[in-house]
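In terms of this note's numbering, the numbers along the sequence shown are unbroken and rise by one, the last being 984.
Reviewing the structure listed below.
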Amino acid sequence: MQMFSSRRNEPAKPATEPETPAATPPPSNRATPTAQSGGVLSSSVSIVGTVKFRNELVIDGEVEGKIDSTGRLTIGKNARIRGEIRTKSVIVEGTVDGNVTARERCELRAGCTVRGDIEAPRLVVDEEATFFGSAKIATQANRPA
């Protein structure tokens, strides 16, 4: 079987014309801000104590202690958290042994395990998530004074 190509041959660039890469900024010793200004604690990281952050953090390792934040927390599939979590929003894919308080949203994804109480105005629980505890779902307007 013969195959025919409809590709046209393009003329080669003259040897005198150097090939220039796309506009690339020169390397810098300063860290440049990115659209997603967060951090990652990988699966090889183990922390005993208090973890505090402002914007966004992904934890895939072990934390024993309190996690306190004004931002978004993602607890990865390999993560194991033993302690209280207080944050703006949290996504749980790993294991949490402790209470979770989220000011905006808490999401329990398939395969996660949470042993503790959850308090959040919005709670999303996937069908394959495991949750042992009580949940208090209250918006600001519904909370007692």
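The beta carbon of each residue, even a glycine, is placed where N, CA and C say it ideally should be.
> Hey, would you say R942 sits closer than 7 Å to K927, going by beta carbons?
Replying inline: Numbered from 1 along the sequence shown, position 103 holds the residue referred to as residue 942. Numbered from 1 along the sequence shown, position 88 holds the residue referred to as residue 927. Going by C-beta atoms, R942 is nearer than 7 Å to K927.
> Nearest to N917 by alpha carbon, out of K975, G878, V884, F892?
Replying inline: Reading the sequence shown from its first residue, position 78 is the one you call residue 917. Residue V884 is the option with its Cα nearest to N917.
>> Suppose only complete runs of 3+ residues qualify. What are the beta strand (DSSP E) ranges in the region 889 to 926, listed by chain order?
In response: 890 to 892, 895 to 898, 901 to 903, 906 to 908, 911 to 914, 919 to 921
>> For I976, count the other beta carbons within 10 Å of its own beta carbon; 16 or more makes it buried, fewer makes it exposed. Which is it?
In response: What you label residue 976 is simply residue 137 of the sequence shown in a count that begins at 1. Counting Cβ neighbours within 10 Å, I976 comes out exposed, since fewer than 16 surround it.
> Nearest-angstrom Cα distance between I898 and F971?
Replying inline: Residue mapping note: residue 898 aligns to position 59 of the sequence shown, counting from 1. Residue mapping note: residue 971 aligns to position 132 of the sequence shown, counting from 1. Those two C-alpha atoms are separated by around 21 Å.
> What are the start and end residues of the beta strand (DSSP E) that includes T934?
Replying inline: Taking the sequence shown and counting its residues from 1, the one referred to as residue 934 is at position 95. Here the beta strand (DSSP E) through T934 covers 934 to 936.
>> Do G900 and S882 count as a contact pair if the criterion is CB distance below 7 Å?
In response: One-based indexing of the sequence shown puts residue 882 at position 43. One-based indexing of the sequence shown puts residue 900 at position 61. Going by C-beta atoms, S882 is nearer than 7 Å to G900.
> Hey, which unbroken runs of the beta strand (DSSP E) at 3 residues or more fall wholly within the region 950 to 984?
Replying inline: 952 to 954, 957 to 959, 962 to 964, 969 to 971, 974 to 976
>> Check this for me: beta carbons of G904 and V929, under 7 Å apart or not?
In response: The residue you call residue 904 lines up with position 65 of the sequence shown. The residue you call residue 929 lines up with position 90 of the sequence shown. No. Outside cutoff.
>> For a quick check, are the C-beta atoms of G922 and G937 less than 7 Å apart?
In response: In the sequence shown, the residue the question calls residue 922 occupies position 83. In the sequence shown, the residue the question calls residue 937 occupies position 98. Yes.
>> I need the boundaries of the beta strand (DSSP E) containing S944, first residue and last residue.
In response: As a first step, residue 944 must be located in the sequence shown, where it is residue number 105. Per the sequence shown, residue 944 should be read as Arg rather than Ser. Start and end: 939 to 947.
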